[in-house]
Amino acid sequence: MGHRTLASFPALWASIPCPRSELRLDLVLASGQSFRWREQNPAHWTGVLANQVWTLTQTEEQLYCTVYRGDKGWVGRPTPEELKTVHQYFQLDVSLAQLYHHWSSVDPHFQEVAQKFQGVRLLQQDPIECLFSFICSSNNNIARITGMVERLCQAFGPRLIQLDDVTYHGFPSLQALAGPEVEAQLRKLGLGYRARYVSASARAILEEQGGLPWLRQLHKAPYEEAHKALCTLPGVGTKEAFSGACGDLMLAGPKQ
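Going by UniProt numbering, the sequence shown opens with residue 1, and the numbers climb by one from there.
Shown next as structure tokens:
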């Protein structure tokens, strides 16, 4: 199976009304919020979302989506329920036009630059992926972070599907990242000192905080409460990791 394009397999795509002014895929998916999307064909971005592999593209007024359901999955355009995953990921219920208008009215500098950056929005990411991706971001650049996250997923995440010569994996679970040999393996994969933070944070969440429910409830917690809780995790309380792991994780929940 290969990567699809809208032109080559139109029957396998579904669309969401979304003008480019509300979402620019090239600006959002390559901006360093998520590190798992690649432009495999011109203007066609492929990545993993909710343990499924998707390709996204857009026109001036529509966001087009196709999903690959794995080697044993049925072939067909995305269902309405599957499209909800994309809608929530990009937080398309939030009107950028209204926000840009408000911000421009109170910030002359924003008003000046806003036209150059239409369609930039915050992703509603899975909290595990968000947290551990940004632990990898400490003292790093986007290209190196992308490589680290990809190697982490290949080593510990479930295999989903192969498209052309690219094999896609889901993001590892907390249990997978908390194993006794994880730190040593991640060091071999080039994560350096971040390897200890990854394994130690996974263990801390599972053993001291009760697991994934604790992480998910921080989306609904007040900013200061979530900030304080996250900074107890190894690698998140550091200056380098805070802006990504703490900021993205919290702001993707309550819209502050």
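Glycine included, C-beta positions come from ideal geometry on N, C-alpha and C.
Every alpha helix (DSSP H) of 4 residues or more that sits fully in the UniProt domain "8-oxoguanine DNA glycosylase N-terminal" (15-131) is shown, in chain order, as 25-29, 80-89, 96-106, 108-113.
When C-beta atoms of the segment 191-205 are compared with those of the segment 215-235, three or more pairs fall below 8 Å, so the two segments count as touching. With a contact defined as Cβ atoms closer than 8 Å, T66 and L12 qualify at about 5 Å.
Taking all protein chains in view, the Cβ of D126 is crowded by 16 or more other Cβ atoms within 10 Å, so the residue is classified as buried. Beyond the five residues adjoining it in sequence on each side, A176 comes within less than 6 Å, by CB distance, of F156 in the same chain, given in chain order. When rounded, the separation of the alpha-carbon atoms in A97 and E22 is 7 Å. Considering only H44, R38, S31, L29, the residue with the shortest C-alpha distance to L6 is H44. DSSP places R159 in the uninterrupted beta strand (DSSP E) bounded by 159-163. Each residue's CA atom was taken as its position, placing N140 and L29 some 18 Å apart. Here V182 has S199 as same chain residues with Cβ atoms under 6 Å from its own Cβ, once five neighbours each way along the sequence are excluded. Cβ contact annotation for R24 (same chain, cutoff 7 Å, sequence separation greater than five): Q118, G119, V120, in chain order. In the structure shown, Y193 falls within a coil segment according to DSSP collapsed to helix, strand and coil. The bridge partners DSSP lists for T167 are Q162. Rounded to the nearest whole angstrom, the C-alpha separation of A221 and P213 is 12 Å.
Beta-carbon to beta-carbon, Y68 and V53 are separated by about 4 Å, close enough to satisfy the 8 Å threshold.
By the Cβ-count criterion, V106 is exposed, with fewer than 16 other Cβ atoms from all chains shown falling within 10 Å of its own Cβ. Rounded to the nearest whole angstrom, the CA to CA distance from R196 to P78 is 39 Å.
Inter-residue distance for A14 and S104 is about 34 Å (C-alpha atoms, whole angstroms). Looking at the backbone, the Cα of D165 and that of Q111 are separated by about 44 Å. Within the same chain, Cβ atoms closer than 6 Å to the Cβ of N51 are found at G170, the five residues on either side in sequence being excluded. Linking C18 to A184 through their CA atoms gives a straight-line distance of about 45 Å. In this structure, the straight-line span from the alpha carbon of E81 to that of S95 is close to 22 Å. Taking C-beta atoms as the reference points, I16 and H87 count as a pair closer than 8 Å.
The shortest CA-to-CA distance from G2 to any of I161, Q33, L123 is the one to I161. Burial is judged here by how many other beta carbons sit within 10 angstroms of a residue's own beta carbon; A143 has fewer than 16 and is exposed.
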